[in-house]
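Numbering (this note's numbering) for the sequence shown: 19 to 453.
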Amino acid sequence: MWSSNVLTGKELSISGISATALAQEFATPAFIMDEADFRARAISWDDALKSAFGENAGTVYYAAKAFLCTEVARWIKDIGIGIDVCTGGELAVALAGGVEPAKIELHGNNKSVAEINKAVSVGVGTIVLDSLFEIDRVAAAATQHGRVQKVLLRLTPGIEAHTHESIATAHEDVKFGFSIASGSAWRAIEAVRTHSSIELRGFHAHIGSQILDTGSFEISAERLIALLAKYRDAFGVELPELDLGGGYGIHYVPGDEELAPSVAMQAVATAVTTHCAVHSLSIPKISIEPGRAIVGPTMFTLYEVGTVKDVTLENGDNRRYISIDGGMSDNIRPSLYQADYTAVLANRTSTAPLLSTRLVGKHCETGDILIYSIELAGDIAPGDLLAIPATGAYGRSMASNYNHVLRPPVIAVKNGKARVIVRRESEADLLGLDI
């Protein structure tokens, strides 16, 4: 839930720097990021993949959509793993951070011609194809640039992953990929094989997000491997790669379980080995795409309390509303997915009785709620600091300027030092786009 260098004793601190000191230097709201923890988590996924698959380990692609900036891209480069991008903007940031193009994978269900041309021209290692139109577009771009572009086909293996409907991506009725069951996957295979400028390396599937068991990943591997066998039987050659995506869940609130890298990779390795043996296939190179599992726990959001209000409910009970200086503009997930978070009083301890509390933002929306129900100290007052853990994934990356609120900065902390890696927006930034 908290990164490894956070202490939540008398006053919350990270790498020896107190919440109060962070608020004084950088103001609130702010995303506070544990750089050492980020690096350690990325390395642990890379180690787990290599341990589970040995020489058949492919690439750990950090899923940029969870959170990306040029400094994080530099860390990815230093660590030596790859990065998965799904827009031209994410590609630009990855390249600006020095990530080697060959270690970049381009995703997305509606890549523009310009995005595809850019990716091919800079030498992106792999492009994941998501429609028949993209097959022709990538082939044309590769021909134009005199390259043979490596590609994967994104497939929907027909799995109802146990997660929120909006982030389940591998059942049939979704916008992503080619369906195995309906036959569109096989039609895509045949279409790719008509182009000499693209090389089909294998298949890709991403079954959803915040998945806390390995069963869905194992079923996905089974169905992809069955299609690899069908390909081998039809064309006499084996495809050498499988990308099994990401979606590994993390610990958000007390009681949650986190899907550990070693557990996830060993379970997937067992499934891959078993089903390849069933079909007499060589084990392909296996790649994965953890995003949330790396960056999610490495960050918390620090807020200042603005107002406190007691509301009497229809049944006579009381609920305390605590309003903080951020909200749905820096964390849309509770409104969008009913995602659960917890919070702590960050600048002091309290022995006051706990009260039923709703933590809300400052936006002009009834639904601007960060935590629907939590027990917090009854003496929390304006000026106090609250911290919400595990906001690294899809907090800053999905942030907006709703109500023309300024998006918060990202502060990286390491070895007792804090620095800005994404600055706070200013009113000049807001006005700068107006003509």
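Idealized CB from N, CA, C, for every residue including glycine.
Which parts of the stretch 230 to 271 are runs of the beta strand (DSSP E), unbroken and 3 residues or longer, counting only runs that do not cross its ends?
259 to 261
So does the stretch 369 to 381 actually touch the stretch 338 to 353, counting three or more Cβ pairs closer than 8 Å?
The answer is yes - the stretch 338 to 353 touches the stretch 369 to 381, with three or more Cβ pairs under 8 Å.
What residues match up with E435 in a beta bridge as DSSP calls it?
Checking the displayed sequence, the identity of residue 435 turns out to be Lys instead of Glu. Beta-bridge analysis with DSSP links K435 to K432.
Using the C-alpha atoms, what's the distance from K95 back to T212?
If you draw a straight line from the Cα of T212 to the Cα of K95, it is about 35 Å long.
Environment of A188 [buried if 16+ CB atoms lie within 10 Å]:
Residue placement at A188 is flagged as unreliable, the pLDDT there being 44, under the threshold of 50; the coordinate-derived value follows with that caveat. A188 comes out buried.
Contact between the stretch 102 to 119 and the stretch 213 to 233 is defined here as three or more beta-carbon pairs at a separation below 8 Å; is this criterion met?
no
Could you give the DSSP three-state label for A223: helix, strand or coil?
coil
With distances taken between CB atoms, is the gap from A408 to M19 smaller than 8 Å?
Result yes, Cβ atoms of A408 and M19 sit closer than 8 Å.
Taking the continuous beta strand (DSSP E) assigned at Q162, which residues delimit it?
Q162 -> not in any beta strand (DSSP E); alpha helix (DSSP H) instead, spanning 150 to 162.
Reference C87, options D65, G116, H269, R59, closest by Cα
G116
What residue from T161, A199, I237, P427 has the CA that sits closest to E217's CA?
Looking at the Cα atoms, T161 is the closest of the given residues.
Between which residues of its own chain and K129 is the CB-CB distance below 7 Å, once the five residues before and five after are set aside?
These residues qualify, in order along the chain: E152.
Please list, in chain order, all residues of the same chain as A120 whose beta carbon is under 7 Å from its beta carbon, the five residues on each side excluded.
G141, G143
Could you check the C-alpha separation between L147 and T319 for me, to the nearest Å?
For the pair L147 and T319, the Cα-to-Cα distance works out to about 36 Å.
Straight-line Cα distance separating T367 from T26
10 Å
Give a yes or no on whether the C-beta atoms belonging to A282 and Y266 are separated by under 8 Å.
yes
Near I134, which residues of its chain fall below 6 Å by C-beta distance, leaving aside the five closest residues on each side in sequence?
R155, V156, A159
Can you grab the Cα-Cα spacing for the pair A361 / D251, in whole Å?
55 Å
Work out the CA separation of D231 and A186 for me, nearest whole Å.
Interpretation of A186 is limited by its pLDDT of 41, a score under 50 that renders its predicted location unreliable; the figure taken from the coordinates is listed afterwards. Near 14 Å, if we compare the C-alpha coordinates of D231 and A186.
S184 by DSSP, collapsed to three states: which one?
Low confidence applies here, because S184 scores a pLDDT of 40, under 50, leaving its location unreliable and the question unanswered by this model.
Under the DSSP definition of a beta bridge, which residues are partnered with K380?
According to DSSP, K380 bridges with nothing at all.
Give, in chain order, every unbroken run of the alpha helix (DSSP H) that is at least 4 residues long and sits entirely within the stretch 25 to 54.
37 to 44
By the three-class DSSP mapping on this structure, what secondary structure does H189 have?
Residue confidence for H189 is low, a pLDDT of 48 falling below 50, so the modelled location carries little weight; the figure read from the coordinates is stated next. Coil, per DSSP.
Simplified DSSP assignment, three categories, for P407
The answer is strand: DSSP assigns P407 an E or B state.
Between G254, I301, D191, A84, which has its C-alpha nearest E307's C-alpha?
A84
Bounding residues of the alpha helix (DSSP H) (the contiguous stretch that carries Q167):
Unbroken run through Q167 is the beta strand (DSSP E), 167 to 174; no alpha helix (DSSP H).
Same chain only: Cβ atoms within 8 Å of V378, ignoring 5 sequence neighbours per side:
Around V378: Y339, I340, S341, I342, G345, D386, I387, L388.
What's the C-alpha gap between A399 and I453?
41 Å
Would you give the residue range spanned by the beta strand (DSSP E) that G107 belongs to?
G107 -> not in any beta strand (DSSP E); alpha helix (DSSP H) instead, spanning 106 to 114.
With DSSP as the reference, label I398 as helix, strand or coil.
coil
Which runs of the beta strand (DSSP E), 3 residues or longer, sit entirely within the stretch 322 to 371?
336 to 342
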